[in-house]
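So for the sequence shown, my numbering puts the first residue at 44; every next one is plus one.
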Amino acid sequence: MPPTTLSTKQSEALHECLISLGSNIDPDHYVAQAVDIISRECNLLARSKTIRTRPVGYQQQPDFLNAALLVCTPLEREAFRAYLKGVEDRLGRVRGAIKSGPRTMDLDIVAWDGEVVDDGYYLHDYVKKPVDEVLASSGRSLEPQKCS
C-alpha cells in the first residue's frame, strides 16, 4: 500500500520536486486543501499563484485552477508519486472513464532534482506558467528531460 503521509526517517537524501496541481471541482477549496496538506507533510520551498485555465481534451467541464509547488522530500521518486496519488485520494479524487475529465485534485511530478520528467511542461501553458513562476521566485532552473 502506498504511503499516505511522509516520514522524515525514510531516507537520508533529500530530493527537490516540482509539482503541478490542478482542480476544477470546487477548485478554490481543493487547491487550498492540497497546499495545506503538502505544506504540513513536506518541506514547501516555493509556490506559484493560481491561474484559471480552460480544460484540455474533454471540453464539457468547468475551468481549472492550476498552480505549482516546489517541495523537498526524503522519498524516492516513485514513492513520492504514490504519496501524491494518496493525497489526491484523500481529497476525493475519482478516476473516471474520461481521463481528462473533472477532478477534485490532480498532482503530477513535473521535475525531479532539477530535471524535467513530464512532457506536460513543454506542451501545456497551465503547467509551464506556474512552474516557471516557481523557478523564478526560487532562483532555480531545469535541465531538459534526458533520453532513455
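Just so it is clear, CB atoms sit at the ideal spot from N, CA and C, and this is done for glycine as well.
Bear in mind that the values here come from a model prediction, so they are computed numbers and not experimental data.
Distance CB(residue i)-CB(residue j) smaller than 8 Å
i	j	result
L112	L64	yes
S143	Y101	yes
N109	T96	yes
V130	I68	no
E59	D156	yes
R124	I152	yes
E186	V159	yes
R90	V78	yes
L88	S181	yes
Run of the beta strand (DSSP E) containing residue i, from where it starts to where it stops
i	result
R95	I94 to T96
V153	D149 to W155
Identity of the residue in the options nearest residue i by Cα
i	options	result
M148	E59, V114, H58 and P70	P70
D168	V99, G182 and Q103	V99
Beta-carbon separation (whole angstroms), residue i vs residue j, contact threshold 8 Å
i	j	result
V177	Y164	So it is not a contact: roughly 12 Å between Cβ atoms.
L61	P117	Actually they do not touch by this definition, with Cβ atoms about 17 Å apart.
L134	Q76	6 Å
Alpha helix (DSSP H) segment containing residue i, residue limits
i	result
S181	D168 to S181
S63	Run containing S63: none in the alpha helix (DSSP H); it sits in the beta strand (DSSP E), H58 to S66.
L122	The identity of residue 122 in the sequence shown is Ala, whereas the question assumes Leu. Residues R120 to R133.
A75	P70 to E84
heavy atom of the ligand SAH below 7 Å from residue i C-beta
i	result
L112	For the ligand SAH, the structure offers nothing, since it holds no ligand at all.
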